[in-house]
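Colleague: The sequence shown begins at 8 in our numbering and counts up by one.
From the three backbone atoms N, C-alpha and C, an ideal C-beta is built for every residue, glycine too.
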Amino acid sequence: MDRKVTLTDNAVKQIKKLREKQGDDTLMLRLSVLGGGCSGFQYKFDFASEIESDDIVFEKDDVKLLTDDASLDLLKGSEVDYVNELIGSSFQVNNPNAQSGCGCGVSFSINEDMI
C-alpha cells in the first residue's frame with residue numbers, strides 16, 4: 008500500500024475557504040494520529056502555518072496536508088474528505104487500515120499486525 012494520504016476535491020475546497028476566512032493563504036491542514044479515544048486511536052486535525060522538519064507533505068491544487076512519519080504508518084492509503092451531514096460538517100478520514108471505528112467518526116482501531 009502506498010505511503011500517501013490524499014485529499015478529495017471537497018476537502019481542498021473547504022481548506023481554501025478556511026484559508027480565505029482567516030486571511031492566510033499559507034495555512035495547511037495537519038493530520039495526526041494519537042493514542043486514545045474509544046477504539047484505541049484518534050484523528051487530530053489542526054491548521055499550521057509552517058512546515059516542521061519532521062513533517063511529510065502531500066499536496067493537491069495548492070493545498071498542503073501535513074503529517075508525521077508515525078501517523079503516516081497508520082494513515083497510509085487514506086483519503087481525507089470534507090462531509091456535510093445533518094448533524095454537522097467535518098473533515099473525515101477514509102482509512103483502509105482501520106479495522107473498526109466508533110460512532111463519533113474520530114476514533115478507530117487497526118489490525119494488531121500493523122503496530
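How many angstroms separate the CA atom of D68 from the CA atom of S85?
Modeller: Your numbering for residue 68 matches position 61 in the sequence shown. Your numbering for residue 85 matches position 78 in the sequence shown. Roughly 18 Å between the two C-alpha positions.
Colleague: Using 10 angstroms around the beta-carbon of V87, count the other beta-carbons present and answer buried if the total reaches 16, otherwise exposed.
Modeller: Counted from its first residue, the sequence shown places residue 87 at position 80. That one is buried.
Colleague: How would you call V19, buried or exposed, if buried means at least 16 neighbouring beta carbons within 10 angstroms?
Modeller: By one-based count along the sequence shown, residue 19 stands at place 12. V19 is buried by the Cβ-count criterion.
Colleague: Give the range of the beta strand (DSSP E) segment to which V40 is assigned.
Modeller: Counting from one through the sequence shown, the residue named residue 40 turns up at place 33. Residues 35 to 42.
Colleague: Can you tell me where the beta strand (DSSP E) with D32 in it begins and where it stops?
Modeller: Residue mapping note: residue 32 aligns to position 25 of the sequence shown, counting from 1. Unbroken run through D32: none, as it is neither H nor E.
Colleague: CB L82 to CB V40, shorter than 9 Å?
Modeller: The residue you call residue 82 lines up with position 75 of the sequence shown. The residue you call residue 40 lines up with position 33 of the sequence shown. Yes.
Colleague: If you scan the stretch 50 to 80 from start to end, which runs of the alpha helix (DSSP H) of 4 or more residues do you find wholly inside it?
Modeller: Complete alpha helix (DSSP H) runs here, min 4: none at all.
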